[in-house]
Every structure is written in structure tokens, then in C-alpha cells.
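J.: Pasting a structure here, questions to come.
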């Protein structure tokens, strides 16, 4: 049995610099979850399963988080998939509804992070990314912090292969900071010139600080429902249908290609996107608005190609043509993306879903993409997993 699956409620907190607000993860979850339930117009007692994502936290923190919304005895599943944790929770909630197991599920994600670069918690065992790091160290001399080194090395490879320039990567940072100015949920709401982005502190060439996503505190939540639930609760006017969804983990090519671009997930994204386009029955050119995983500006450009927005090696041309902002062929990261909106790991994928839901409802205020009818979401976590999801308004 398979049923049509809809987003009927979304909510999120403002993303904040770690430690800048006096709150804990239950407070974040209560705020985001309450907003999502209120948006759907339902009580927590109608939720039949909950999938709760976080990367940094103790076991069963998911239960503690959703107990702020109610204690009803339903299955609560704790989810951790690195930076794709939020969209993995979304994937599982949608799968539960799509299969007919439940008619309403909640996906919630949160993160309470430490300031500075990401670190490790357990040092008495192998780190999950060691195989990726070891493979990349054969291609590029290891540097810390590891995340900008990995994605920076992929950017350098793209520059060597295709002539991509630091300015083209920096323009992505300019765009996303400019988009975030109108997003009240964004951690940063400051516009920068190209010169300012290029002149910011160098983290790992070509990545300056203003091209890197920050650590963040925050939460986001999404209510998923079946077609019958939507009809019973008269939610079709606000419902957004998930018309395609795919989750892909590392492929043999991740390690066999001897490529930094493959090691940071481009091939996973290609496969997931291809599967989603087939499920949804449309092409990249049919998409209006995209939220993608710009943990670093280099990854946004690589993802343009992996999603099929342009040919291999042509991402820089897409940037120069202005095709990924308002007035272009697509609007990519109208929220400001991870670079400017922030990146609380467990919440990121659900915040992307929230933004696209608002866009397709036509309620994104000054960020609104005119006439948006088809949306695409991309979220990646190294180690590795990619989730790509396509959306349309239910009443289309």
C-alpha cells in the first residue's frame, strides 16, 4: 500500500549563535514543534509517530524533546545522520505515512552546539569519517578544521579541472548573505559585497569565513500526513505534496573515483536527484525554487551540477549568469542557506522543508519566489547520506 504524502504543518525557531540565547534543546523543540502543530491546526494527540533528529546529545534526547509537546506513548525514534539528520527524520516520517503505517507523523530536529569548528566527542574509537579523510589525504595534504579542508579540496579540484575561479565561489556567499537579509529566522541578516567576501579571513583556500556555514543553535519541525488525513481535517489549501524523495548513502564511486568531489558526496547527490526526477515526473528545468546544502560555497556549486541544473564543469557559468537568484532560472537558497541562515545540524533539513513549504504556499513574504509551483530540497551529511525531496502544492 502506498499513499500520497503531504506536509501540512511547519515551524522553526530563529537560528542563533551558540550560547547567545538562554535556552536548552527542550525549549527549542517546544517552540518549533508547537509552531508546526499550530500551522497544521492539530493537537499532538493526533501524531502517531515522531522522528527526532540531533547530532550532539545524549541517548533518548528525542523523547525529552517531544515530551514538551505531549506524552502520549507513541513511538519516538532518535535519528542521527550527521548534517543530513533533519532530512533523514523527514524521510522516515514520510515513509511511515506513505506506507500506510500511520496517517500523521512528526519530524523534529534540533541542535545545541559548541562554538567554533566541529569537534569529536569520543576519542577512544575510530571516527566515522576516517575512511573518507584517509582517502582524501592521498589527494590533498590534510588540514584542520577537517570540514572546510574536505569541501575546499573539492573546490580546488573543480578549479583545476574546469577553470572555476575563487570569485565564482565567493559570489555564492554574496548571494546567500543577500537572500538572508529578508529572513527573520536567519542567524545572519547582513549583506556583503564581493570584495568583502573575498577579503574575509581565509579558512581553507578558496573558502573565506563568509563562505562557510556557522555553528548554530535552533530547531525546526514538520508535520506529515496522508491524503485521507488532509481531507478529514480540511488541510488541502495549505498542504504541500512530497512528489519525490530519495535517500542515497555512499557508493563504490565515492572511494573508487580518486576524487575529492566524489568523496564529499557529488555522486550520491546525482543518484538521489535522478531518482527523484523519475518519481516526480519532471526535469530540473521545471523546478522554480531550491534549498540545497551550502555548508560551504564550493558545495553549492558542485551541487548545481549534481542536481542537473547545468553540465559538469559549468557551475561557475551558472553563477556568473545570475541563474541561481531572483530573476534567474532558479532561486537557490532564498532563506540564505546554511552559510547565512545557520546550520544547527539536526534542524537544517527540516528548516529547508519549512522554507520551501512557505514558498509553495506563497507566504514567504519578501523572500517569495514569484509563481513558485515546484520545489527541490537537497541535504547531505558526510559519512555519508544524501536526501533529495521534491514538492508541489496539493491543489495544483
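Residue numbers (my numbering): 135 to 530. Glycine included, each C-beta is placed from N, C-alpha and C at the ideal position.
Mind checking who residue 512 pairs with in its DSSP beta bridge?
T.: Your numbering for residue 512 matches position 378 in the chain shown. 522.
J.: Between the C-alpha atoms of residue 163 and residue 493, what's the straight-line distance to the nearest angstrom?
T.: Walking along the chain shown from the start, residue 163 turns up at place 29. Walking along the chain shown from the start, residue 493 turns up at place 359. Between residue 163 and residue 493, the C-alpha separation is close to 23 Å.
J.: So is residue 314 in contact with chain C if we call contact Cβ pairs under 8 Å?
T.: Of the chains in the structure shown, none is chain C; there is only one protein chain.
J.: Go through its chain and collect everything with a Cβ distance to residue 333's Cβ below 8 Å, but skip five positions before and after it.
T.: Working through the chain shown from its first residue, we reach residue 333 at position 199. Within the same chain, residue 333 has close Cβ partners 342.
J.: By the 10 Å Cβ neighbour count, where 16 or more other Cβ atoms means buried, how is residue 282 classified, buried or exposed?
T.: If you number the chain shown from 1, residue 282 lands on position 148. Buried, by the Cβ-count rule.
J.: Give me the Cα-Cα distance between residue 413 and residue 420, rounded to the nearest whole angstrom.
T.: Stepping through the chain shown from its first residue, residue 413 is reached at position 279. Stepping through the chain shown from its first residue, residue 420 is reached at position 286. Answer to the nearest angstrom: the Cα atoms are 14 Å apart.
J.: Taking the beta carbon of residue 417 as the centre, do at least 16 other beta carbons fall within 10 Å, making it buried, or is it exposed?
T.: As a first step, residue 417 is located in the chain shown; it is residue number 283 there, counting from the start. Around the CB of residue 417, fewer than 16 other CB atoms lie within 10 Å, so the residue is classed as exposed.
J.: I'd like the list of long-range same chain contacts for residue 395, defined as Cβ closer than 7 Å, with 5 residues on each side in sequence excluded.
T.: The count along the chain shown starts at 1 and reaches residue 395 at position 261. 288, 291, 292 and 436.
J.: Just to confirm before moving on: does the CB-CB distance between residue 359 and residue 146 stay below 8 Å?
T.: Within the chain shown, numbered from 1, the residue matching residue 359 stands at position 225. Within the chain shown, numbered from 1, the residue matching residue 146 stands at position 12. The answer is no: Cβ separation not under 8 Å.
J.: Only counting runs of 3 or more residues, tell me where the beta strand (DSSP E) segments fall wholly within the region 166-240, in order along the chain.
T.: Those beta strand (DSSP E) runs which fall completely within the region 166-240 and span 3+ residues are 183-187 and 210-213.
J.: To the nearest angstrom, how far is the alpha carbon of residue 502 from that of residue 239?
T.: Taking the chain shown and counting its residues from 1, one reaches residue 502 at position 368. Taking the chain shown and counting its residues from 1, one reaches residue 239 at position 105. Distance between the alpha carbons of residue 502 and residue 239: 28 Å.
J.: How about the region 459-466 and the region 147-166: do they share at least three Cβ pairs that are nearer than 8 Å?
T.: Output reads no: the region 147-166 does not touch the region 459-466.
J.: Can you tell me whether residue 262 is helix, strand or coil according to DSSP?
T.: To locate residue 262, count along the chain shown from 1; it is residue 128. Reduced to three states, the DSSP call for residue 262 is coil.
J.: Touch check for the region 262-269 and the region 164-174: three-plus C-beta pairs under 8 Å?
T.: no
J.: Of the choices 511, 324, 219 and 371, whose alpha-carbon is the least far from that of residue 129?
T.: The chain is shown from 135 up to 530; residue 129 falls before or after that span and cannot be answered.
J.: Apply the 10 Å Cβ neighbour rule to residue 489 and answer buried if 16 or more other Cβ atoms are within range, or exposed otherwise.
T.: If you number the chain shown from 1, residue 489 lands on position 355. So residue 489 counts as buried.
J.: Can you round the beta-carbon distance between residue 322 and residue 314 to whole angstroms, since I take them to be within the 8 Å contact cut?
T.: Position 188 of the chain shown, counting from 1, holds the residue named residue 322. Position 180 of the chain shown, counting from 1, holds the residue named residue 314. With 8 Å as the limit, residue 322 and residue 314 qualify as a contact, their Cβ atoms being about 6 Å apart.
J.: Whose CA, out of 324, 339 and 344, lies closest to the CA of residue 331?
T.: Counting from one through the chain shown, the residue named residue 331 turns up at place 197. The shortest C-alpha separation from residue 331 is found at 344.
J.: If you drop the 5 nearest sequence neighbours on each side, which residues of the same chain put their C-beta closer than 6 Å to that of residue 510?
T.: Here residue 510 refers to the residue found at position 376 when the chain shown is read from its first residue. So the qualifying residues of the chain are 421, 424 and 524.
J.: Can you give the Cα-Cα distance for residue 363 and residue 237, rounded to whole angstroms?
T.: As a first step, residue 363 is located in the chain shown; it is residue number 229 there, counting from the start. As a first step, residue 237 is located in the chain shown; it is residue number 103 there, counting from the start. Cα to Cα, residue 363 sits roughly 6 Å from residue 237.
J.: On the DSSP letters alone, give me the boundaries of the alpha helix (DSSP H) that residue 334 sits inside.
T.: Within the chain shown, residue 334 is the residue found at index 200, counting from 1. Careful: residue 334 lies outside any alpha helix (DSSP H) and carries neither H nor E.
J.: Based on the DSSP output, what are the partners of residue 341 in its beta bridges?
T.: The residue you call residue 341 lines up with position 207 of the chain shown. Bridge partners of residue 341: 338.
J.: Around the Cβ of residue 278, are there at least 16 other Cβ atoms within 10 angstroms (buried) or fewer (exposed)?
T.: Your numbering for residue 278 matches position 144 in the chain shown. With fewer than 16 Cβ atoms within 10 Å of its Cβ, residue 278 is classed as exposed.
J.: Span of the alpha helix (DSSP H) holding residue 288?
T.: As a first step, residue 288 is located in the chain shown; it is residue number 154 there, counting from the start. Element bounds for residue 288: 280-296.
J.: Identify, in the order they occur along the chain, each residue of the same chain with its Cβ nearer than 6 Å to the Cβ of residue 203, setting aside the five sequence neighbours on each side.
T.: To locate residue 203, count along the chain shown from 1; it is residue 69. Cβ within range, chain order: 167 and 178.
J.: Looking only at C-alpha atoms, which of 377, 441, 384 and 299 sits nearest to residue 415?
T.: Here residue 415 refers to the residue found at position 281 of the chain shown. When C-alpha distances from residue 415 are compared across 377, 441, 384 and 299, the shortest belongs to 377.
J.: Alpha carbons only, please: which of 217, 205 and 223 is nearest the one belonging to residue 211?
T.: For the purposes of this step, residue 211 is taken as the residue at position 77 of the chain shown. For the options 217, 205 and 223, the alpha carbon positioned closest to that of residue 211 is the one of 223.
J.: Kindly indicate which residue of 319, 306, 371 and 432 has the alpha-carbon position closest to the one of residue 338.
T.: As a first step, residue 338 is located in the chain shown; it is residue number 204 there, counting from the start. Nearest C-alpha to residue 338: 432.
J.: Comparing C-alpha positions only, which one of 161, 243 and 191 sits nearest to residue 144?
T.: Counting from 1 along the chain shown, the entry for residue 144 is found at position 10. It is 243 whose Cα lies nearest to the Cα of residue 144.
J.: Comparing C-alpha positions only, which one of 520, 439 and 526 sits nearest to residue 384?
T.: Numbered from its first residue, the chain shown carries residue 384 at position 250. Taking only the C-alpha atoms, the option nearest residue 384 is 520.
J.: According to DSSP, what are the bridge partners of residue 379?
T.: Within the chain shown, the letter at position 245 stands for residue 379. The partner list for residue 379 (beta bridge, DSSP) reads 523.
J.: From residue 300 to residue 328, what distance separates their C-alpha atoms?
T.: Here residue 300 refers to the residue found at position 166 when the chain shown is read from its first residue. Here residue 328 refers to the residue found at position 194 when the chain shown is read from its first residue. So the alpha carbons of these two residues sit roughly 11 Å apart.
J.: Going by DSSP, name the residue or residues bridged to residue 430.
T.: The residue you call residue 430 lines up with position 296 of the chain shown. According to DSSP, residue 430 bridges with 346.
J.: DSSP puts residue 150 in a beta bridge; with which residues?
T.: By 1-based counting over the chain shown, the position of residue 150 is 16. BP columns for residue 150 point to 351.
J.: Identify every run of the alpha helix (DSSP H) within the region 440-474, keeping only runs that are complete inside it and at least 4 residues long; order them along the chain.
T.: 449-454
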